Amino acid sequence: MSDEIAARLSEMGITLPEAAAPAANYVPYVISGNLLYISGQLPLEGGKVAISGHLGKTIDVATGQRGAELCAINILAQAKAALGGDLGRIRRVIKLNGFVASAPDFVEQHLVINGASNLIAGVLGEVGKHARAAVGMAALPLNAAVEIDAIMEIAE
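For what it's worth, full-length UniProt numbering labels the leading residue of the sequence shown as 1, then goes sequentially.
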């Protein structure tokens, strides 16, 4: 991992966890050429879903943003595992796809996913700025409030 990225993580008080094992029949990431695809990450903390339920029903935006931050931390943990520990190999975060378990009248998914976007950009700097989707869902696996996947360009 580059010293600059490690310093940013430290300044933010973030220690990346071990990358979580898949919960079903899929792999946590795929590298194809110079692209790294990271499977959807849940707001896991200590191996358990930390933020569950539906935005606009049982969860407020600030709590949803914390869930998105946890997803982003887990994305970085998967990237670190995929890249042999070297997050400095990330050349660009191309896109985050954010899924938010939402009550039917909840329309602030974009604000929730800002939690992940802000964290990724804060840790990775300019290369962390990305395209994005923020989509409301009826339900997510394990009753998670948020799930986010990522596509990154990496150095060989």
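No residue lacks a Cβ here, since even glycine has one placed at the ideal position from N, Cα and C. Every value quoted in this text rests on a predicted model; they were computed, and no experiment measured them.
- Rounded to the nearest whole angstrom, the C-alpha separation of residue 106 and residue 10 is 34 Å.
- Between residue 153 and residue 75, the CB-CB gap reaches or exceeds 8 Å.
- The three-state reading of DSSP puts residue 7 in helix, counting H, G and I together.
- Within the model, the alpha-carbon separation for residue 42 versus residue 73 is close to 10 Å.
- Using a C-beta cut-off of 8 Å, the region 98–115 makes contact with the region 52–59, since at least three inter-stretch Cβ pairs fall below that distance.
- Within the same chain, 68, 98, 134 come within 6 Å of residue 113 by CB-CB distance, once the 5 residues on both sides are set aside.
- Residue 115 is not a Cβ neighbour of residue 78, given a cutoff of 8 Å.
- For a cut-off of 8 Å, the C-beta gap from residue 146 to residue 108 is around 12 Å, too long to register as a contact.
- Under the DSSP assignment, residue 92 falls in the beta strand (DSSP E) whose first and last residues are 90–101.
- Counting of Cβ neighbours within 10 angstroms places residue 89 among the buried residues, the total reaching 16 or more.
- Counted as a single uninterrupted DSSP element, the alpha helix (DSSP H) harbouring residue 70 occupies residues 61–82.
- Cβ atoms of residue 70 and residue 45 come within 8 Å of each other, at about 6 Å.
- Collapsing the DSSP output to three states places residue 140 in coil.
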